[in-house]
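Report on the following structure.
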Amino acid sequence: MPHLAPPVVLSLGGSVLLRGDNDRKYLESLAEVLVRVAARRPLAVVVGGGPTARQYIDLGRDLGLNEVELDELGIAITRLHARLLAHLLGPDAPSSPPGTLTEAAEAVARWPIVVMGGTEPSHTTDAVASLLAERIHAGLIVNATNVKGFYAEDPRVNPRAPFVDHMGFAEFAEWVRVHTEGTAGQHFVFDALGARSVARSRIPLAVVDGRNLENLEAALEGQEFEGSWVGPGRKGRAPRKR
């Protein structure tokens, strides 16, 4: 039976996927969530590199690798993460992650779930997710990260930093631009290229704590969720399904 709902793209941070805290149980439960969501709408998942990729990048930088080579190290880690998650999804996803946006778009037309990592230097997995969403005419992007959404300042530095529950597209792109540098291994809730893609395509973006699986599933389903929202709709919430 063909899907009636538009595709959803999930950008899954590497620091959410693997963090040394009951990872096996989380991954198994995450796979169950993704299979349920994909039964109702096409789902593409782009997995980040997280701390593992940053360890390789930091070491490579100390050893004199340039930014392109460092990006390639990070991309390799994201693809390992993607393969791990794809394995848990079994027959619902191709076991070999697509390496390009074109390959991913073609796979989305054939599989309930497609899992991939990075594609090329200078493109973070947030950017890949946003560009893929444009390519496949997705109805929603969900960014699963290790915080509950956007803050006006880094909450690790300022625990009282105000929570930002809603932004318009242009405001979001400018806000991300002034907070990112674009170097390999950067650690921010979203990246500048991805934010520009979101603003250009006007595909709504939900940002959630990726370890809260009930909330993540609600966001993927287009239901009310706890987190930050970029686009039209009620402040801090995705519009209800009709």
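In terms of the numbering used here, the sequence shown opens at residue 1117 and continues consecutively. We put the CB at the ideal spot given by N, CA and C, even for glycine.
Taking just the CA atoms, how far does residue j sit from residue i?
| i | j | result |
| --- | --- | --- |
| residue 1133 | residue 1143 | 7 Å |
| residue 1319 | residue 1273 | 31 Å |
| residue 1258 | residue 1337 | 10 Å |
| residue 1283 | residue 1345 | 7 Å |
| residue 1349 | residue 1339 | 12 Å |
| residue 1224 | residue 1151 | 14 Å |
| residue 1174 | residue 1187 | 11 Å |
| residue 1235 | residue 1123 | 20 Å |
| residue 1298 | residue 1216 | Only weak support exists for where residue 1298 lies, its pLDDT of 49 falling under 50; the coordinates are left without a value. |
| residue 1323 | residue 1146 | 17 Å |
| residue 1189 | residue 1333 | 31 Å |
| residue 1229 | residue 1130 | 18 Å |
| residue 1271 | residue 1158 | 34 Å |
Identify the continuous beta strand (DSSP E) that holds residue i and give its terminal residues.
| i | result |
| --- | --- |
| residue 1317 | First-last for residue 1317: 1308-1317, but that is the alpha helix (DSSP H), not the beta strand (DSSP E). |
| residue 1345 | 1344-1346 |
| residue 1124 | 1124-1128 |
| residue 1231 | 1229-1232 |
Helix, strand or coil: which one does DSSP assign to residue i?
| i | result |
| --- | --- |
| residue 1197 | helix |
| residue 1268 | coil |
| residue 1259 | strand |
| residue 1223 | helix |
| residue 1134 | coil |
| residue 1159 | strand |
| residue 1181 | coil |
| residue 1171 | helix |
| residue 1121 | coil |
| residue 1072 | This structure cannot speak to residue 1072, because the chain is shown only from 1117 to 1358. |
| residue 1236 | coil |
| residue 1207 | helix |
| residue 1188 | helix |
| residue 1166 | helix |
Tell me where the alpha helix (DSSP H) around residue i begins and ends.
| i | result |
| --- | --- |
| residue 1242 | 1241-1251 |
| residue 1152 | 1139-1154 |
| residue 1289 | 1285-1293 |
| residue 1333 | 1329-1336 |
Just to check, is the beta-carbon of residue i closer than 8 Å to a non-hydrogen atom of the ligand FAD?
| i | result |
| --- | --- |
| residue 1261 | Among the components modelled here there is no ligand, and therefore nothing to report on the ligand FAD. |
Across which residues does DSSP place residue i in a beta bridge pair?
| i | result |
| --- | --- |
| residue 1280 | 1266 |
| residue 1321 | 1257 and 1346 |
For a cutoff of 9 Å on Cβ pairs, would you count residue i as touching chain B?
| i | result |
| --- | --- |
| residue 1325 | Chain labels in this structure do not include chain B; a single protein chain is all it has. |
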